[in-house]
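Residues 19 to 256, numbered by my numbering, are exactly what the sequence shown covers, in order.
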Amino acid sequence: MNGEFEAANALSFENVSKAYDAGVGLRFALRGVSFVVKPARRVAVVGRSGSGKSTLLHLAAGIDVPTDGVVRVGRRDLSALSEEARTKLRRDEVGLIFQFFYLMPHLPVADNVALPAMIAGEKPRLYRTRVMELLERVDLAGRAGDPVQKLSGGEQQRVAICRALLRRPGLLLADEPTGNLDDENGRRVMDLMMELVENEGATLVYVTHSREFATLADEVWELHSGELSHPSSPCAPA
Numbered sequence: 019m020n021g022e023f024e025a026a027n028a029l030s031f032e033n034v035s036k037a038y039d040a041g042v043g044l045r046f047a048l049r050g051v052s053f054v055v056k057p058a059r060r061v062a063v064v065g066r067s068g069s070g071k072s073t074l075l076h077l078a079a080g081i082d083v084p085t086d087g088v089v090r091v092g093r094r095d096l097s098a099l100s101e102e103a104r105t106k107l108r109r110d111e112v113g114l115i116f117q118f119f120y121l122m123p124h125l126p127v128a129d130n131v132a133l134p135a136m137i138a139g140e141k142p143r144l145y146r147t148r149v150m151e152l153l154e155r156v157d158l159a160g161r162a163g164d165p166v167q168k169l170s171g172g173e174q175q176r177v178a179i180c181r182a183l184l185r186r187p188g189l190l191l192a193d194e195p196t197g198n199l200d201d202e203n204g205r206r207v208m209d210l211m212m213e214l215v216e217n218e219g220a221t222l223v224y225v226t227h228s229r230e231f232a233t234l235a236d237e238v239w240e241l242h243s244g245e246l247s248h249p250s251s252p253c254a255p256a
């Protein structure tokens with residue numbers, strides 16, 4: 019895990035707003051959102067469709083920048099970084115998991131996991147052991163050479179989780195990681211993701227529509243029309 023996350027907040031928003039031009043004026047996806055996520059915490063973000071959940075994750079990952087306010091990963095203000103620097107941050111220090119797996123269907127499972135290291139120009143000897151270690155932990159080491167398109171949806175999401183964890187990111191962001199899976203596979207993927215994150219010492223922020231999966235977090239936050247409610251206990255009633 020990146021040492022910066024051990025000495026600072028893993029992620030913080032300071033009065034963050036994000037607006038888009040709707041043609042007849044601005045539409046706010048987020049309004050005045052502030053929060054702090056401490057290192058190694060697991061935070062679930064819930065809310066109706068269109069409440070701003072995906073926008074929040076996009077800002078946290080530096081995929082987009084706020085209209086107002088400050089987003090920090092570790093101590094770094096993402097708005098002060100160039101697009102190239104934000105891309106490097108995502109590649110090296112932030113892991114991303116999506117509802118749609120975004121795997122390369124014709125590549126073997128192991129190469130899909132290794133993609134971040136391959137893109138970074140690392141030599142295979144530096145990442146092969148890590149790839150197989152992760153696949154072993156998700157019970158897919160025996161499928162390492164298979165084309166990923168031959169795997170089930172649950173298996174593909176496990177590959178995507180391994181890819182996100184490959185470079186030992188301090189911060190992991192997951193956008194509806196079970197949204198494309200049935201209930202049984204969804205539960206397995208969530209349990210696995212929580213176990214891996216705990217073992218890696220990473221910080222996790224994940225968006226979910228499932229109250230059941232939200233209860234796995236240390237904290238549950240709710241978005242209403244772009245505004246964040248006070249953090250609540252995961253055991254609190256929906």
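Ideal Cβ positions, reconstructed from N, Cα and C, are used throughout, including at glycine. Everything numeric in this text was worked out from a predicted model, so none of it was measured.
In the DSSP assignment, I137 falls outside any beta strand (DSSP E) and lies within the alpha helix (DSSP H) extending over 127-137.
Contact between the stretch 177-193 and the stretch 97-114 is present, with at least three C-beta pairs closer than 8 Å. Contact between the stretch 73-92 and the stretch 34-44 is present: 3 or more CB-CB pairs across the two stretches fall below 8 Å. Judged by DSSP secondary structure, G87 falls within the beta strand (DSSP E) whose first and last residues are 86-91. The Cβ atoms of V127 and D86 lie no closer than 9 Å to each other. Ranked by Cα distance from G172, the options R186, E194, L199 are led by L199. Annotated three-state conformation of T73 is helix, per DSSP. In this structure, F31 lies away from A98, with their beta-carbon atoms at least 9 Å apart. Distance check between P57 and each of V225, R206, P187 places P187 closest, using alpha-carbon atoms only. Between P123 and V166, the C-beta gap is smaller than 9 Å, which places the two residues in contact. In the three-state reduction of the DSSP assignment, S35 falls in the strand class, which pools E and B.
In summary, R60 is buried, with 16 or more beta-carbon neighbours lying within 10 Å of its beta-carbon over all protein chains present. DSSP, reduced to helix, strand and coil, places G41 outside both helices and strands of the structure shown, so it counts as coil. For T221, the enclosing beta strand (DSSP E) starts and ends at 221-225. Sequence-distant partners of G65 (beyond 5 residues in either direction) whose C-beta falls short of 7 Å from its own C-beta, in its chain, are K71, E240, L241, H242.
For A232, the closest of G219, P134, D209, E245 by C-alpha to C-alpha distance is D209.
In the three-state reduction of the DSSP assignment, V83 falls in the coil class, being assigned neither a helical nor a strand state.
Shown here, A78 sits in a helix according to DSSP, grouped into three states.
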